[in-house]
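Visitor:
Number of protein chains: 2
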Amino acid sequence: MINKKLGERTFAFLSPPSVLASACVGGKKEGEGPLRGEFDILNEDSFFGMETWEKAESEMQRLALSEALKKADMASPDFVFAGDLLNQCVGSAFGLRGSGIPFFGVYGACSTMAESLILASMAVDGGFASNAAAMTSSHFCGAERQFRFPLEYGGQRTPTAQWTVTGAGAVIVGESAAPPYITRFTSGRIVDAGIRDANNMGAAMAPAAYDTLSAHFNDTGRAPDYYDLIVTGDLGALGSELLRELFSDGGGPRLGKNYTDCGLLIYSRGNADKPNRFAAGKTAESGDQDVQAGGSGCGCGASVLAGYILRAMKKGRLERVLFAATGAMMSSLSAQQGESIPSICYAVSIENHA
Amino acid sequence: MINKKLGERTFAFLSPPSVLASACVGGKKEGEGPLRGEFDILNEDSFFGMETWEKAESEMQRLALSEALKKADMASPDFVFAGDLLNQCVGSAFGLRGSGIPFFGVYGACSTMAESLILASMAVDGGFASNAAAMTSSHFCGAERQFRFPLEYGGQRTPTAQWTVTGAGAVIVGESAAPPYITRFTSGRIVDAGIRDANNMGAAMAPAAYDTLSAHFNDTGRAPDYYDLIVTGDLGALGSELLRELFSDGGGPRLGKNYTDCGLLIYSRGNADKPNRFAAGKTAESGDQDVQAGGSGCGCGASVLAGYILRAMKKGRLERVLFAATGAMMSSLSAQQGESIPSICYAVSIENHA
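Residue numbers (the numbering used here), protein chains in the order written: chain U, 1 to 354; chain L, 1001 to 1354.
#1: Does Ser248(U) pass the burial test, meaning 16 or more other C-beta atoms within 10 Å, or should it be called exposed?
#2: Across which residues does DSSP place Arg1320(L) in a beta bridge pair?
#3: Do Tyr1227(L) and Ser1111(L) count as a contact pair if the criterion is CB distance below 9 Å?
#4: What does Pro1102(L) touch in chain U if you count any residue whose Cβ is under 8 Å from its own?
#5: Which chain L residues are close to Gln337(U), counting only those with a beta carbon under 9 Å from its beta carbon?
#6: Could you give the C-beta distance for Ile1101(L) and Ser1076(L), rounded to a whole number, given that I count them as a contact under 8 Å?
#7: Give the straight-line distance between the Cα atoms of Ser66(U) and Gly91(U), rounded to the nearest whole angstrom.
#8: My assumption, with CB atoms under 8 Å, is that Thr1052(L) sits in contact with Met1205(L). Please give the rounded CB distance.
#9: Does the beta carbon of Val90(U) sit closer than 9 Å to a beta carbon anywhere in chain L?
#10: How would you label Gln1336(L), buried or exposed, when you count the other beta carbons within 10 angstroms and need 16 or more for buried?
#11: Got a sec? Which residues, its chain only, sit under 6 Å from Lys1005(L) by beta carbon, not counting five neighbours each side?
#12: Our contact map puts Ser138(U) next to Gly297(U) with C-beta atoms below 8 Å; I'd like the distance itself, whole angstroms only.
#13: At least one CB of chain L closer than 9 Å to the CB of Ser138(U): is that the case?
#14: Would Thr212(U) be called buried (16 or more neighbouring beta carbons within 10 Å of its own) or exposed?
#15: From the DSSP output, in three-state form, read off Leu20(U) for me.
#16: For Ala1302(L) and Met1135(L), I'd like the C-alpha separation in whole angstroms.
#17: I'd like the list of long-range same chain contacts for Pro1275(L), defined as Cβ closer than 7 Å, with 5 residues on each side in sequence excluded.
#18: Given a threshold of 16 other Cβ atoms within 10 Å of its Cβ, counted over all protein chains shown, does Thr158(U) qualify as buried or as exposed?
#19: Counting only beta-carbon separations shorter than 9 Å, does Asn87(U) have a partner in chain L?
#20: Count the other C-beta atoms from every protein chain shown that fall within 10 angstroms of the C-beta of Tyr153(U), then say buried if there are 16 or more, exposed otherwise.
#21: Short of 8 Å in beta carbon distance, which residues of its chain neighbour Thr1140(L), apart from the five on each side in sequence? Order them along the chain.
#22: Hey, is Val171(U)'s beta-carbon within less than 9 Å of any beta-carbon in chain L?
#23: Could you give the DSSP three-state label for Ile118(U): helix, strand or coil?
#24: With the cut-off set at 9 Å, would you say Gly1239(L) and Gly1263(L) are in Cβ contact?
#25: Of all the residues that make up the stretch 116-135 of chain U, which are near chain L by a beta-carbon distance shorter than 7 Å?
#26: Excluding the 5 residues preceding and the 5 following Leu1085(L) in the sequence, name in chain order all residues of the same chain whose CB lies nearer than 7 Å to its CB.
#27: Per DSSP, Tyr181(U) is paired with what?
#28: Which complete beta strand (DSSP E) runs does the stretch 178-265 of chain U hold, if anything under 3 residues is left out?
#29: DSSP three-state label for Ser1296(L), please.
#30: Got a sec: which bits of the stretch 191-214 of chain U sit with their beta carbon under 9 Å from any beta carbon on chain L, in order along the chain?
#31: Please tell me whether Met1113(L) has its Cβ less than 9 Å away from any Cβ of chain U.
#32: Pull the bridge partners of Gly1100(L) from the DSSP assignment, please.
#33: In this structure, does DSSP put Glu51(U) in helix, strand or coil?
#34: Taking the C-alpha atoms as reference points, what is the distance between Phe147(U) and Gly1007(L)?
#35: Let me confirm a value: Pro207(U) is counted as buried when at least 16 other C-beta atoms fall within 10 Å, else exposed. Which label applies?
#36: Identify each residue in the stretch 59-80 of chain U for which the Cβ-Cβ distance to at least one residue of chain L is less than 8 Å, and report them in chain order.
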């Protein structure tokens, strides 16, 4: 065995794969938010020209991958690792139909962007591929009717609820000398703190983020301030505050101003957001998008990573990023059966110097 | 890049991981079938002591993994790759809750056993783990109500329908000098031949099996008779006949008596089964279990591989096996929306001589 392990759950790639290209797609609301300039493709039509929201989600994945491949000047990646929130992950399966690309389906709920990025990087570093794509998506309308209520019902949302991002992101990693590089990852495991409120995913997932980020800092010996940006996927306003509290109460290192969440970056929440180095200037300009505790969904972390974050890294505005996407591994049925919400978090170090 | 690729879509492991141990769990009907003696754990109660069928499915995964770990004399694997058919793969997530094992969720529908076995082997061969588990499950009652009708409705089944196996299988691969070894794999890709009948999964998936098995024979230069056993996951009676026809009509190599399907092995179909080297003697003894075109579900290929097949390999009765599980990547909603059924197949070579 070539030992790539650091500590308990973290791994260092021997030949860190480069991010060759990335692309993201968003809907109308995403195009009205503070990151509007960071999307490759924005569409006012929530159907993306298709007949149903589910087919629209597949189309978003197809567009994101196709745009990323165009940027990488590549016809097809060696593998694609993809998944989504729709039952049986049909967003990915139908999105890849006709592509002929070797495909590994993954399911990590909203952690899918980090999980798929890790598996794609493992395939490259492990000598199975020159390059591989990682991809996921979510769609507000499809998610609402699958997990909550028919949109026509007009159900009221709780203050802790989050708004599922209509978006997709694709990242292609591969062998190259050009930064940024995928340097390390910390694996996830199921953490269940007993939260049963399906309208409070942030609270359910924060303990998983704490579990994985703590392991990352312990295993690597890196303090949180090693990174320019530590970003969770979709903990939202409440979950990200809880994560800060778990760190300050746990006696470990504190998360500083370099920590934020993709669910806080993607939409404007008016005066609700506490100023933070990344979100502050951006929220002021767009008013309040009425998204309660912020954005969520696989497409949240995916589109913010594939757009805003990786663009900032390519331009050198960010040098060292820890991307930690979290997933709530429940279903409507498990909630109806009175179960709590098992969660998971995967962390990926992306750095301009390997 | 360490080039492990053979031809278009097949890979040879540099240090083929061994199958360290495997275990399988089944329900009442599986315990009445011809493979009754090949299960590690059989339970007459379809609830496995739990309150719901979904929780029973998680319990089956927990039991299968725990039994496999016991056989391998191991407290915990470095990673587990697992998934299932339930919406949002709750079978795996809840089954692993409390285990603390680093977890990658996968979704390949009924191809999950092969997909997870490939990813687990890639993790070991790629130097990320000393060992890793691959696991999946399905439950007849949970699958019926999720994909078809409430059981209480007593809906009639078509002759092409298959019976979802109530079962789970776990396989642990790792570094060892002992056979059997995971030697090669051929990746899957989405194949959609336009079949829309959700009661005829065998027909929907056979073209994917043909696509991947053809690639395997082309890439490796191996003819079908290289293997003692070529076994698909759950094509059933109709799908496996279609696969034979695709090979004979395609002008490629023909599949001989060494080809069968886990869905034909696991239940008795009385006189319906054509005699074949593996199923023939076994079906006669158990009469007709009224399973229409045979077994299906993630648990079908998983329990037959983790039980009957790997036991026969350990005993030397089989030396070279090609395990090719197929998945129908649709959902109830995609079928309701009039979509055809995209399918995928992954093939894994398991051999007693690496």
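Glycine is no exception: its CB is placed at the ideal position from the N, C-alpha and C atoms. No experiment lies behind these values; they were computed from the predicted model shown.
Guide: Taking the definition as stated:
#1: exposed
#2: Glu1351(L)
#3: no
#4: Arg9, Ser187, Gly188, Arg189
#5: Glu1051, Thr1052, Glu1054, Lys1055
#6: 5 Å
#7: 15 Å
#8: So it is not a contact: roughly 28 Å between Cβ atoms.
#9: yes
#10: exposed
#11: Phe1011
#12: 3 Å
#13: no
#14: buried
#15: strand
#16: 7 Å
#17: With a pLDDT of 47 at Pro1275(L), under the threshold of 50, the modelled position of that residue is not reliable, and no figure is offered here.
#18: exposed
#19: yes
#20: exposed
#21: Sequence inspection shows Phe at residue 1140(L); the Thr mentioned does not correspond to that position. Taken in chain order, the residues that qualify are Gly1027, Lys1029, Ser1046, Trp1163, Thr1164, Val1165, Thr1166, Gly1297.
#22: no
#23: helix
#24: yes
#25: Leu119, Met122, Ala123, Asp125, Gly126, Gly127, Phe128, Ser130
#26: Ala1109, Ser1138, Ala1143, Gly1297, Cys1298
#27: Ser18(U), Glu351(U)
#28: 181-186, 229-232, 259-261
#29: strand
#30: Val191, Asp192
#31: no
#32: BP columns for Gly1100(L) are empty, so no partner.
#33: coil
#34: 43 Å
#35: buried
#36: Phe79
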